[in-house]
Amino acid sequence: MKHYLIFFSLLVALSGCTQKSEEGIRSEIYKAGTSYLESMQKSVEELDQNPSKDVLSNSDLFQDVCTKKFDYSKLSNKETKFIDRVGDLRIAYEHVADSRNPKYKGSFNEESAVSEFNSLSQKFINNYKVDH
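Just so you know, we're using this note's numbering here: the sequence shown kicks off at 189 and counts up by one.
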């Protein structure tokens, strides 16, 4: 009986490690990706010229979750697509920040960079049911 109790406890603990969101994505990856999106949106709204500390820390967290906590090569297609979409948002975000940074003056058009970022953000929110 004691062995069954230990086995059951381990099973419950392990099932929490692989819990998935509604969209079929591990909850830790989903949470890290949506937090990262929110920090990028806030930075865009605040007219940051460089990635904020919040964006950088969320970037590091997202990378750690996707590469250190889980084996990226063993993630599902839905999960890798989610990660790729977050990567697309990061690129669009960097274009916005660079368009506002005097060091890169003329490299990016701010209006089109913001429009692209907002468009990708909205598509991401709609596709992944992000509460906003």
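We put the beta carbon where it would ideally sit given N, CA and C, even for glycine.
Since the model is a prediction, treat every value here as computed from it, not as a measurement.
Inter-residue CB distance, residue i and residue j (contact presumed, cutoff 8 Å)
i    : j    : result
A285 : L308 : Actually they are not in contact, since the Cβ atoms of A285 and L308 sit about 15 Å apart, beyond 8 Å.
G294 : F250 : Not quite, the Cβ-Cβ distance comes to about 30 Å (not below 8 Å), so this is no contact.
V253 : E216 : 5 Å
F312 : R278 : Rounded, the Cβ-Cβ distance is 11 Å, inconsistent with contact.
L225 : V318 : 7 Å
Contact set for residue i: own chain, Cβ-Cβ below 8 Å, skip 5 residues either direction
i    : result
R288 : L235, D236, Q237 and E298
Q229 : S309
E233 : none
Contact set for residue i: own chain, Cβ-Cβ below 6 Å, skip 5 residues either direction
i    : result
E304 : A280
S231 : S240 and V243
S227 : D242, V243 and N246
Q310 : none
L193 : Unreliable positioning characterises L193 in this predicted model, as indicated by a pLDDT of 38, which lies under 50. A coordinate reading is not provided.
N306 : none
For residue j and residue i, the rounded distance between their alpha carbons
i    : j    : result
F258 : E267 : 11 Å
N246 : R214 : 17 Å
L263 : T255 : 10 Å
Y218 : S300 : 28 Å
N315 : D276 : 14 Å
S223 : D248 : 12 Å
I271 : N265 : 10 Å
D269 : K291 : Per the sequence shown, residue 269 should be read as Lys rather than Asp. Cα to Cα, K269 sits roughly 33 Å from K291.
F296 : G212 : 36 Å
Close beta carbons around residue i, own chain, < 7 Å, minus the five adjacent residues each side
i    : result
Y260 : C254
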